[in-house]
Amino acid sequence: MNSTIGFLGTGNMGGALARAAVKAVGPDEILLHNRTAAKAEALAAELGCRTAPAAELAASCGLIYLGVKPQMMAGLLSELAPVLAARTDDFALVSMAAGLTMADIRRMAGGDYPVIRIMPNTPAAVGCGVILYDAAEHVTAEALERFVLSMSRAGMLDRLPEGLIDAGSAVAGCGPAFADLFLEALADGGVACGLPRAKAQAYAAQMLLGAARLALETGLHPGQLKDAVCSPGGSTIAGVRALEQRAFRAACMEAVEAAFRRTKELGK
């Protein structure tokens, strides 16, 4: 299997994964392509790797990351179908398209190709991401090992049955946007209380990072961690009450469910 890793699509998500892959395997092993060439060229200059035409990536790379929107996938794969069909060596397609199953990718590509389906998130660019994945039964051990290596610097890598990936994506894939809204709102609150903007944002971001790390490292239920901060009659429980009065938890649950429903729609 060729060790070169290609990224077809270098937008927010494709770019984040390319940044993680460069840290794991080095820039010489990475090829980039984007429909807007300047975007791929800018990322290549940043990472020290090179760009190539889509057909070259499809013809030569061992892992081919498909970083295009679900509605663009059929067009991309139909263009590359003759190139993929001509290959005689081992390779695997790595799809990050929301809602598209591994069977969908094979159908669009016109062959029974090895497919790894992933649902990543943008914090992978800084090594704090979540990448959920599953692999078709005919993905070779070598290809799967190469994939795991390429994403080893991205953060948490967890294999999940394909039927649960959409649900996992609604939490981990869409969640950074929800967390960013919360972060922004916390900083706005700090500014309203008199803090300088930069300090309010730094405090909010570090607090979220620390709270998440505490939950991961202790394994304690979030409710227990929340209770540990809430002193009787104190300021924290007053803030928690204000959030509960505005259905904070229900709103978060509905955000995840809305994202899940939309993911299912994108796959149709």
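Its first residue numbered 750, the sequence shown is counted upward by one per residue in our numbering.
Glycine included, C-beta positions come from ideal geometry on N, C-alpha and C.
Keep in mind that this is a model prediction, so the values were computed, not measured.
message = Looking only at its chain, what residues have a beta carbon closer than 8 Å to the beta carbon of PRO863, apart from the 5 residues adjacent to it on each side?
response = In the sequence shown, counting from the first residue as 1, residue 863 sits at position 114. Cβ within range, chain order: ASP839, PHE840, ALA841, LEU842, ALA884, ALA885, HIS887, VAL888, THR889 and ALA892.
task = Go through its chain and collect everything with a Cβ distance to GLY755's Cβ below 6 Å, but skip five positions before and after it.
result = As a working note, residue 755 is residue 6 in the sequence shown. Cβ neighbours of GLY755 beyond the five flanking positions: LEU780, LEU806, CYS810 and ILE813.
query = When the Cα of MET868 is compared with those of LEU909, HIS782, LYS1017 and PRO802, which residue comes out closest?
reply = On the sequence shown, position 119 is the one that residue 868 refers to. Looking at the Cα atoms, LEU909 is the closest of the given residues.
inquiry  = So, for ARG950: in the same chain, excluding its five sequence neighbours on each side, which residues have a beta-carbon less than 7 Å away from its beta-carbon?
reply    = Along the sequence shown, read from residue 1 onward, the residue named residue 950 stands at position 201. In the sequence as presented, Arg is not what sits at residue 950; that position holds Gln. Cβ neighbours of GLN950 within its own chain (closer than 7 Å, five residues either side excluded): ALA936.
ask   = What is the DSSP secondary structure of PHE840, reduced to helix, strand or coil?
value = Looking up residue 840 in the sequence shown gives position 91. DSSP places PHE840 outside both helix and strand once states are collapsed to three, so it counts as coil.
ask   = Between which two residues does the beta strand (DSSP E) harbouring MET868 extend?
value = Counted from its first residue, the sequence shown places residue 868 at position 119. From DSSP, the beta strand (DSSP E) with MET868 extends over 864–868.
query = If we count the other Cβ atoms within 10 Å of its Cβ and call it buried at 16 or more, is CYS1001 buried or exposed?
reply = Counted from its first residue, the sequence shown places residue 1001 at position 252. So CYS1001 ends up on the exposed side.
request  = Just confirm the distance between the C-beta atoms of ALA954 and THR1012, as a whole number of angstroms; I'd bet it's less than 8 Å.
outcome  = Your numbering for residue 954 matches position 205 in the sequence shown. Your numbering for residue 1012 matches position 263 in the sequence shown. So it is not a contact: roughly 27 Å between Cβ atoms.
inquiry  = Is the separation between the beta-carbon of LEU796 and that of VAL771 shorter than 7 Å?
reply    = Numbered from 1 along the sequence shown, position 47 holds the residue referred to as residue 796. Numbered from 1 along the sequence shown, position 22 holds the residue referred to as residue 771. Taking a C-beta distance under 7 Å as the contact criterion, LEU796 and VAL771 qualify as a contact pair.
Under 7 Å between C-beta atoms of LEU881 and ASP907 = Here residue 881 refers to the residue found at position 132 when the sequence shown is read from its first residue. Here residue 907 refers to the residue found at position 158 when the sequence shown is read from its first residue. Yes, they are a contact pair.
inquiry  = On the CB-based measure, 16 or more other CB atoms within 10 Å of its CB, does HIS970 come out buried or exposed?
reply    = Along the sequence shown, one-based indexing puts residue 970 at 221. HIS970 comes out exposed.
Supposed contact pair MET750 and ARG895 - C-beta distance, whole angstroms, cut 8 Å = Mapped onto the sequence shown, residue 895 falls at position 146. Mapped onto the sequence shown, residue 750 falls at position 1. Their Cβ separation, rounded to whole angstroms, is 7 Å, which keeps ARG895 and MET750 in contact under 8 Å.
request  = Please report how far the alpha carbon of ALA801 lies from the alpha carbon of HIS782, in whole angstroms.
outcome  = In the sequence shown, residue 801 corresponds to position 52, counting from 1. In the sequence shown, residue 782 corresponds to position 33, counting from 1. So the alpha carbons of these two residues sit roughly 6 Å apart.
message = So for ASP883, helix, strand or coil by DSSP?
response = Mapped onto the sequence shown, residue 883 falls at position 134. Reduced to three states, the DSSP call for ASP883 is strand.
request  = Pick helix, strand or coil for MET822, following the three-state DSSP scheme.
outcome  = As a position in the sequence shown, residue 822 is number 73, starting the count at 1. DSSP, reduced to helix, strand and coil, places MET822 within a helical segment of the structure shown.
query = When we look at the beta-carbon of GLU1014 and count the other beta-carbons within 10 Å, is it buried (16 or more) or exposed?
reply = Sequence index remark: in the sequence shown, residue 1014 carries index 265 (1-based). Burial call: exposed.
request  = Starting from ARG908, follow the beta strand (DSSP E) in both directions and report where the run begins and ends.
outcome  = By 1-based counting over the sequence shown, the position of residue 908 is 159. ARG908 -> beta strand (DSSP E) spans 904–908.
key: Boundaries (first-last residue) of the alpha helix (DSSP H) holding LEU957   = Walking along the sequence shown from the start, residue 957 turns up at place 208. Per DSSP, LEU957 belongs to the alpha helix (DSSP H) from 946–967.
task = Please say whether ARG768 and ALA926 have beta carbons closer to each other than 7 Å?
result = The residue you call residue 926 lines up with position 177 of the sequence shown. The residue you call residue 768 lines up with position 19 of the sequence shown. No, these two residues do not count as a Cβ contact at 7 Å.
query = By the 10 Å Cβ neighbour count, where 16 or more other Cβ atoms means buried, how is SER844 classified, buried or exposed?
reply = By 1-based counting over the sequence shown, the position of residue 844 is 95. That one is buried.
query = Between the Cα of ALA834 and the Cα atoms of ARG995, MET857 and MET821, which residue gives the shortest distance?
reply = In the sequence shown, the residue the question calls residue 834 occupies position 85. Ranking ARG995, MET857 and MET821 by Cα distance to ALA834 puts MET857 first.
inquiry  = Short of 7 Å in beta carbon distance, which residues of its chain neighbour ALA928, apart from the five on each side in sequence? Order them along the chain.
reply    = For the purposes of this step, residue 928 is identified with residue 179 of the sequence shown, where counting begins at 1. Listed in chain order, the non-local C-beta contacts of ALA928 below 7 Å within the same chain comprise LEU957, local neighbours out to five positions each way being set aside.
key: Residues near ALA903 in its chain [Cβ-Cβ closer than 6 Å; skip 5 each side]   = The count along the sequence shown starts at 1 and reaches residue 903 at position 154. Counting only Cβ-Cβ distances below 6 Å, and skipping sequence neighbours, we find ALA769, ALA873, GLY878 and ILE880.
message = At the level of alpha carbons, what is the spacing between GLU911 and GLY917?
response = For the purposes of this step, residue 911 is taken as the residue at position 162 of the sequence shown. For the purposes of this step, residue 917 is taken as the residue at position 168 of the sequence shown. Going from the Cα of GLU911 to the Cα of GLY917 covers about 10 Å.
key: Coil, strand or helix - LEU812 by DSSP   = Taking the sequence shown and counting its residues from 1, the one referred to as residue 812 is at position 63. Strand at LEU812.
query = Since ILE779 sits in a beta bridge, which residues does DSSP pair it with?
reply = Residue numbering aside, residue 779 sits at position 30 when the sequence shown is read from its first letter. Bridge partners of ILE779 according to DSSP: ILE754.
message = Please state whether the Cβ-Cβ distance between ALA846 and PRO819 is less than 7 Å.
response = In the sequence shown, counting from the first residue as 1, residue 846 sits at position 97. In the sequence shown, counting from the first residue as 1, residue 819 sits at position 70. Going by C-beta atoms, ALA846 is nearer than 7 Å to PRO819.
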